[in-house]
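Have a look at the structure below, then the notes.
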Amino acid sequence: DRQQPSILSFFGGG
Amino acid sequence: MFEGRLLQGSLLKKVLEAIKDLVTDTNFDCSETGIALQAMDSSHVALVSLLLKDTGFDHFRCDRNLALGINLQNMSKMLKCAGNDDIITLKAEDEGDTITFMFESPNQDKISDFEMKLMDIDSEHLGIPDTDYQAIVTMPSAEFQRIVRDLSSIGDTAVIGVTKEGISFSTGGDIGKANIVCRQNTNVDKEEDQTTVEIHEPVSLTFALRYLNSFTKATALSPQVTLSLSKELPIVVEYKIEKMGFLRFYLAPKIEE
Numbered sequence: 002d003r004q005q006p007s008i009l010s011f012f013g014g015g
Numbered sequence: 081m082f083e084g085r086l087l088q089g090s091l092l093k094k095v096l097e098a099i100k101d102l103v104t105d106t107n108f109d110c111s112e113t114g115i116a117l118q119a120m121d122s123s124h125v126a127l128v129s130l131l132l133k134d135t136g137f138d139h140f141r142c143d144r145n146l147a148l149g150i151n152l153q154n155m156s157k158m159l160k161c162a163g164n165d166d167i168i169t170l171k172a173e174d175e176g177d178t179i180t181f182m183f184e185s186p187n188q189d190k191i192s193d194f195e196m197k198l199m200d201i202d203s204e205h206l207g208i209p210d211t212d213y214q215a216i217v218t219m220p221s222a223e224f225q226r227i228v229r230d231l232s233s234i235g236d237t238a239v240i241g242v243t244k245e246g247i248s249f250s251t252g253g254d255i256g257k258a259n260i261v262c263r264q265n266t267n268v269d270k271e272e273d274q275t276t277v278e279i280h281e282p283v284s285l286t287f288a289l290r291y292l293n294s295f296t297k298a299t300a301l302s303p304q305v306t307l308s309l310s311k312e313l314p315i316v317v318e319y320k321i322e323k324m325g326f327l328r329f330y331l332a333p334k335i336e337e
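Residue numbers (the numbering used here), protein chains in the order written: chain U, 2 to 15; chain P, 81 to 337.
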């Protein structure tokens, strides 16, 4: 099965 | 103060319909260059980014930058009271706690004012890096909507693959499997019916169909949709808004455990 990562793990806070 | 008059008020109605079920509360960031919005869905898997440039408005004035905190369900209720052909004007005072929506009927015989309460929202802007995507596919938005809806009835996730031949969408579930390929097609009469593939490297990623399905609520905004993909990066699903800007959705791919 695949996991659903958060969008935050790709785009950091700015 | 801030004031923006939009001749094609239906555009704003369509934007709200496209995002109100994905995002609950968000700031509309108003500046002299237009209105921008960036918000995540409640589970932080998808991100919405909207730009409505000042030049797309019939009249636009913003004396100082304002973050208007808005509950999208409430704004949608207000905008549903505007006719599809109405001109919509947004107005807010610098220190106020409300936004006013003014609807003008096309022949100016009915003017409505709706005032909505604003809220304080702490929003964190995410830094979206500039990316040279490995594959960019532009296709009819209605076709994309149809594919995503069809696959949703069979599986929960879709593998989207792009090669120089075209774009493929695959899913599987308890009842079986499905695979749809759309080939590059630039020999059609209408430009909006074209499918074009720009590719640097073949790419294949897995996404939750329920989010893709939600994004296609923006189909009414544009006859074409652009999908940008790169290995191990969120997909960008972009609907261009004529003369104004864009509505973009970013969705994190599902990854192997």
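Just so it is clear, CB atoms sit at the ideal spot from N, CA and C, and this is done for glycine as well.
Give the single residue among the options whose Cα lies nearest to the Cα of residue i.
i: Thr243/P; options: Val283/P, Gly252/P, Arg141/P, Asp236/P; result: Val283/P
i: Phe11/U; options: Ile227/P, Ser156/P, Met199/P, Gly207/P; result: Gly207/P
i: Gly253/P; options: Ser294/P, Ala288/P, Leu131/P, Glu271/P; result: Ala288/P
i: Met46/P; options: Leu146/P, Leu117/P, Phe137/P; result: In the structure displayed, chain P extends from 81 to 337; residue 46/P sits before or after that span and is not available.
i: Met182/P; options: Glu173/P, Gly176/P, Asp189/P, Ile167/P; result: Ile167/P
i: Ser233/P; options: Asp193/P, Lys160/P, Ser250/P; result: Ser250/P
i: Asp189/P; options: Asp165/P, Ala98/P, Leu131/P, His205/P; result: Asp165/P
i: Asp212/P; options: Lys257/P, Tyr319/P, Leu307/P, Asp200/P; result: Leu307/P
i: Phe295/P; options: Gly84/P, Leu91/P, Glu97/P; result: Glu97/P
i: Glu112/P; options: Asp121/P, Val125/P, Glu204/P, Arg144/P; result: Arg144/P
i: Leu301/P; options: Leu87/P, Lys93/P, Val268/P; result: Lys93/P
i: Lys323/P; options: Met120/P, Asp177/P, Leu132/P, Asn107/P; result: Leu132/P
DSSP state of residue i, grouped into three classes?
i: Asp230/P; result: helix
i: Glu318/P; result: strand
i: Leu327/P; result: strand
i: Phe295/P; result: helix
i: Gln5/U; result: coil
i: Lys257/P; result: strand
i: Phe224/P; result: helix
i: Asp134/P; result: helix
i: Ile99/P; result: helix
Run through the DSSP bridge pairs and tell me what residue i is partnered with.
i: Thr218/P; result: Thr276/P, Thr306/P
i: Gln118/P; result: Ser129/P
i: Leu148/P; result: Phe108/P
i: Cys262/P; result: Ile247/P
i: Ser192/P; result: Phe183/P
Chain U partners of residue i, CB-CB under 7 Å?
i: Ile335/P; result: Arg3, Gln4, Pro6
i: Thr286/P; result: Arg3
With 8 Å as the threshold, decide whether the Cβ of residue i is near any Cβ in chain U.
i: Val125/P; result: yes
i: Leu313/P; result: yes
i: Gly252/P; result: no
i: Met219/P; result: no
i: Tyr213/P; result: no
i: Met37/P; result: Residue 37/P lies beyond the range of chain P shown here (81 to 337); nothing can be said about it.
In chain U, what lies closer than 8 Å to residue i by C-beta?
i: Ala332/P; result: Gln5, Pro6, Ser7, Ile8, Ser10, Phe11
i: Met182/P; result: What Met182/P touches in chain U: nothing, since even the nearest Cβ is about 34 Å away.
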